[in-house]
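Residue numbers (the numbering used here): 1221 to 1578. C-beta: ideal position from N, C-alpha, C; glycine also.
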Ligand code: GLY
């Protein structure tokens, strides 16, 4: 049944039922940007671990055989979504405050400017595929909660438990550690100024609270597509939606320019329309690397007057239509990395920390 239902049947069934100096990263004496300049096809993901590599090989198989960027991005994203060990994306993602895994995902086709997204989707392991179907088979962009689930089921997706034992234990420990002084966070201009701890206080079991993945690709026709998919902020309020399913925030793609995606603190990404901003910067001639850093600078500049010590944790990735790549994170001690696959093989690209020491 999956992927074999017409829109008419679907409607029928549902009715019935530096910032800083630019550092050009180097691998083996060549910049990756040089190595990939003009090379198509190309696929990247913000996941630089083994699963990210596996995802790239899956996407690459499609691209090298002449397949579309849209299909390559979907199948690559699915690999990361289905990894039960990954607590930030899809199956195995950390739940919200109630112990419910709610997933967000968006998809964009840079050739047609079509986009689709789902938010607060429960019980479906591969929200990227549902977002792709919203893009390809509706004139809507975003479906949420029960409606998104209804849509997925109409396309043959099976409901499954997404809460792994690993994620459940982390959630239980988080609940045990909550204190009466934990609050629900402050608006950005007050962040880090309150004496209270936020409810997602530093928690040793978790690598990141906002983990997400972006997959961006150019196929051999020069068509560009992207996907962002996540379980969102760990222990979020029930119903909280981050940037990942918001087109222009967590993702944007434009064949004429390139594509960009975001991970990290979604609230800032939504308010800065960061992915769209990165694509606009590239349209103005900035490289993907420069454009990612420009977006981080823009976010910091906005808070300069009201909260100058505020450097929210974000990582941006981008590609342009020439096959150049870029990646920058706001802060941290290690350069952010992305996975890149071209006909030169698999490689990791070291991006830039825009505000080291923050
Ligand atoms: N960037 C993921 C989130 O904030 O939900």
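For residue i, which option in the options has the closest C-alpha, if you only look at C-alpha atoms?
| i | options | result |
| --- | --- | --- |
| residue 1382 | 1319, 1497, 1566 and 1312 | 1312 |
| residue 1571 | 1545, 1563, 1564 and 1577 | 1545 |
| residue 1463 | 1378, 1565, 1482 and 1284 | 1482 |
| residue 1472 | 1363, 1374, 1410 and 1536 | 1536 |
| residue 1262 | 1540, 1453, 1406 and 1299 | 1540 |
| residue 1468 | 1344, 1534, 1461 and 1480 | 1480 |
| residue 1450 | 1444, 1440 and 1435 | 1435 |
| residue 1375 | 1350, 1510 and 1495 | 1350 |
| residue 1553 | 1461, 1561 and 1533 | 1533 |
| residue 1502 | 1356, 1476 and 1443 | 1476 |
| residue 1465 | 1324, 1488, 1507 and 1320 | 1324 |
| residue 1443 | 1578, 1271 and 1291 | 1291 |
| residue 1548 | 1402, 1512, 1386 and 1578 | 1512 |
| residue 1517 | 1320, 1494 and 1301 | 1494 |
| residue 1398 | 1504, 1526 and 1455 | 1455 |
| residue 1388 | 1319, 1405 and 1380 | 1319 |
| residue 1380 | 1396, 1346 and 1390 | 1346 |
Can you grab the Cα-Cα spacing for the pair residue i / residue j, in whole Å?
| i | j | result |
| --- | --- | --- |
| residue 1559 | residue 1569 | 6 Å |
| residue 1484 | residue 1431 | 6 Å |
| residue 1519 | residue 1550 | 10 Å |
| residue 1567 | residue 1296 | 16 Å |
| residue 1362 | residue 1334 | 12 Å |
| residue 1498 | residue 1433 | 17 Å |
| residue 1259 | residue 1438 | 9 Å |
| residue 1564 | residue 1392 | 45 Å |
| residue 1457 | residue 1317 | 6 Å |
| residue 1491 | residue 1408 | 11 Å |
| residue 1308 | residue 1344 | 15 Å |
| residue 1366 | residue 1341 | 7 Å |
| residue 1378 | residue 1314 | 20 Å |
| residue 1528 | residue 1283 | 45 Å |
| residue 1273 | residue 1400 | 42 Å |
| residue 1336 | residue 1289 | 15 Å |
| residue 1509 | residue 1525 | 27 Å |
| residue 1250 | residue 1514 | With a pLDDT of 37 at residue 1250, under the threshold of 50, the predicted position of this residue should be treated as unreliable, and no value is reported. |
| residue 1373 | residue 1322 | 16 Å |
| residue 1578 | residue 1478 | 30 Å |
| residue 1445 | residue 1575 | 29 Å |
| residue 1371 | residue 1353 | 9 Å |
| residue 1406 | residue 1459 | 18 Å |
| residue 1268 | residue 1523 | 30 Å |
| residue 1390 | residue 1302 | 19 Å |
| residue 1521 | residue 1386 | 39 Å |
| residue 1332 | residue 1360 | 14 Å |
| residue 1500 | residue 1396 | 45 Å |
With residue i and residue j assumed to form a contact (beta carbons below 8 Å), what rounded beta-carbon distance in angstroms separates them?
| i | j | result |
| --- | --- | --- |
| residue 1330 | residue 1474 | 5 Å |
| residue 1530 | residue 1411 | 5 Å |
| residue 1486 | residue 1505 | That pair is no contact at about 28 Å. |
Under 8 Å, Cβ to Cβ, is there at least one residue of chain D near residue i?
| i | result |
| --- | --- |
| residue 1498 | Of the protein chains in the structure, only one exists, and it is not chain D. |
Suppose the cutoff is 6 Å on Cβ atoms and the five residues either side in sequence are ignored; what does the same chain contact list for residue i look like?
| i | result |
| --- | --- |
| residue 1304 | 1311, 1312 and 1384 |
| residue 1266 | 1433, 1434, 1483, 1537 and 1558 |
| residue 1447 | 1293, 1297, 1327, 1348 and 1435 |
| residue 1368 | 1338 and 1341 |
| residue 1488 | 1519 and 1532 |
| residue 1561 | 1263, 1276 and 1280 |
| residue 1452 | 1324 and 1462 |
| residue 1358 | none |
| residue 1496 | 1468 and 1472 |
| residue 1579 | Shown here, the chain extends from 1221 to 1578; a query on residue 1579 therefore has no answer. |
What residues in its chain sit with their C-beta under 7 Å from that of residue i, if we drop five residues either side in the sequence?
| i | result |
| --- | --- |
| residue 1555 | 1570, 1571, 1572 and 1573 |
| residue 1306 | 1271, 1300 and 1312 |
Please list, in chain order, all residues of the same chain as residue i whose beta carbon is under 8 Å from its beta carbon, the five residues on each side excluded.
| i | result |
| --- | --- |
| residue 1507 | 1253, 1540, 1544 and 1546 |
| residue 1440 | 1260, 1261, 1283 and 1286 |
Exercise for review: Please go through the stretch 1338 to 1424 and give each complete alpha helix (DSSP H) segment of 4 or more residues, from N-terminal end onward.
Suggested key: 1347 to 1357, 1365 to 1374 and 1385 to 1397
Check your understanding: What runs of the alpha helix (DSSP H), each 4 residues or longer, lie entirely inside the stretch 1490 to 1526?
Key -> 1494 to 1503 and 1508 to 1523
**Study point:** Start-end ranges of the alpha helix (DSSP H) lying completely within the stretch 1262 to 1303, minimum 4 residues
**Key:** 1270 to 1284 and 1289 to 1301
Check your understanding: Residue ranges of each alpha helix (DSSP H) run of no fewer than 4 residues wholly in the stretch 1310 to 1337, ordered along the chain?
Key -> none
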